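Engineer:
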Amino acid sequence: MKMNQLNALMLLTLLVTNIQAASAQEDVLKIGLIGDSTVATSSGWGPAFAKRFNDKTQVLNYAKNGATLESISHKLDELLKLKPDYVLIQFGHNDQKRYGTDAYRTKLTSYVQRVTEAGGQAIVLSSVTRRNFDEHGKIQLRESGLKGNLTDFEKAAQAVAEEQDVKFINLHAISIAHHNKIGPEATAEYNFSETDTTHFSPKGAEATTDLILKELKTVAPEITANLK
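Here the sequence shown stands for residues -24 to -1, 1 to 204, numbered as in mature numbering (1 follows the signal peptide of the UniProt record, and there is no 0).
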């Protein structure tokens, strides 16, 4: 084979390889997560969620311990540079300590609009419940020292989703119903530590992921098509 033919063949091979690599990259479904510690990698449901998907899916977890919508707004900008197809947004636990539902709605609306403008689809989640029980063995909402309870913030999150015409998962209501059903003793296995009834043990993260995926199968079945 002549040298110019060999060079042409090598160039063609390289071109085909690059096209195949680009095509494979385009086929990857990118799911962004952003929220507080109940989503984050250290003690949230995010890692368990990521493990459920096949190798054609990339889960980008930008949640952070102690986060509010305001405090990690810049992290959303970083996430959007990666061009996620979907962004799951879950805030409330720390926001309710700092501002009320009106400010929360404004800040959450900004997140949703920025995701949409970047070409992604926002999915709003209300906050997963804290796992504190009353004397009857039912979830008791934290009220003291807060700008509103998580049910108030749940309603605000749902209102934003409806106003912006994006998908909504009412994780707060769903998780309350789940824990009221299984009771305090079974719920204790979800705790990150004996006294930590907010963050998750591996079992708690898996169970919460189950709740979320069940809802996603209805509101965004195209995502769950990539489950293992």
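Backbone N, C-alpha and C fix where the C-beta goes; we use that ideal spot for every residue, glycine too.
All of these numbers come straight from a predicted model, not from anything done at the bench.
To the nearest angstrom, how far is the alpha carbon of H50 from that of E182?
Structural biologist: For H50 and E182, the distance between alpha carbons rounds to 29 Å.
Engineer: Kindly provide the ranges of any beta strand (DSSP E) runs that are 3 or more residues long and lie completely inside the region 72 to 100, ordered along the chain.
Structural biologist: none
Engineer: Would you grab the beta carbon distance between V100 and A133 for me? Rounded to a whole angstrom, and I think it's under 8 Å.
Structural biologist: Contact between V100 and A133 holds: CB atoms are separated by about 5 Å, below the 8 Å threshold.
Engineer: Check this for me: beta carbons of S103 and H175, under 8 Å apart or not?
Structural biologist: Going by beta carbons, S103 and H175 fall outside the 8 Å limit.
Engineer: Mapping the DSSP letters down to three states, classify I199 as helix, strand or coil.
Structural biologist: In the displayed model, I199 falls within a helix according to three-state DSSP.
Engineer: Cβ of residue 208 within 8 Å of Cβ of R90?
Structural biologist: The structure shown does not extend to residue 208, since the chain is modelled only from -24 through 204, so no value can be given for it.
Engineer: Would you call S(-2) buried or exposed, if buried means 16 or more other Cβ atoms sit within 10 Å of its Cβ?
Structural biologist: Here S(-2) scores only 40 on pLDDT, less than 50, and its place in the model should not be relied on; the value that follows carries that caveat. Exposed, since its Cβ has fewer than 16 Cβ neighbours within 10 Å.
Engineer: Since T33 sits in a beta bridge, which residues does DSSP pair it with?
Structural biologist: L5
Engineer: On a Cα-Cα basis, can you pick out the residue from G22, G113, G68 that is closest to D128?
Structural biologist: G68
Engineer: Let's test the definition: count the other Cβ atoms within 10 Å of the Cβ of S169 and tell me whether it reaches 16, buried, or not, exposed.
Structural biologist: exposed
Engineer: Taking DSSP as the reference, what is the three-state secondary structure of S18?
Structural biologist: Of the three classes helix, strand and coil, the one that applies to S18 here is coil, per DSSP.
Engineer: For T185, does the three-state DSSP call read helix, strand or coil?
Structural biologist: helix
Engineer: Report yes or no: do the region 156 to 170 and the region 192 to 201 share at least 3 C-beta pairs separated by less than 8 Å?
Structural biologist: no
Engineer: Tell me which same chain residues have a C-beta within less than 8 Å of the C-beta of L126, skipping the five on either side of it?
Structural biologist: G68, H69, Q72, S102, S103, T105, R106, L117, R118, H148, listed in sequence order.
Engineer: Please return the same chain residues whose Cβ sits closer than 8 Å to the Cβ of G42, not counting the five positions on each side in sequence.
Structural biologist: D12, S13, N70
Engineer: Using 10 angstroms around the beta-carbon of G159, count the other beta-carbons present and answer buried if the total reaches 16, otherwise exposed.
Structural biologist: exposed
Engineer: Work out the CA separation of V4 and Q138 for me, nearest whole Å.
Structural biologist: It is Glu, not Gln, that sits at residue 138 in the sequence shown. So the alpha carbons of these two residues sit roughly 29 Å apart.
Engineer: In whole angstroms, give me the CA-to-CA distance for T184 and K143.
Structural biologist: 18 Å
Engineer: Can you tell me whether N167 is helix, strand or coil according to DSSP?
Structural biologist: strand
Engineer: In terms of residue numbering, what span does the beta strand (DSSP E) encompassing V63 cover?
Structural biologist: 62 to 66
Engineer: Quick one: grab the DSSP three-state call for D172.
Structural biologist: strand
Engineer: Could you work out which residue in T17, L45, E54 is closest to T85 when comparing CA atoms only?
Structural biologist: L45
Engineer: Sorted by chain position, which residues of the same chain lie with C-beta nearer than 6 Å to T(-12)'s C-beta, five sequence neighbours on each side aside?
Structural biologist: Below a pLDDT of 50, predicted positions are generally treated as unreliable, and T(-12), at 49, falls in that range; the measurement from the model is reported next regardless. If we look at T(-12) and ignore the five residues flanking it on each side, it has no Cβ neighbours.
Engineer: Measure the alpha-carbon distance for I150 versus L187 and round it to whole angstroms.
Structural biologist: 7 Å
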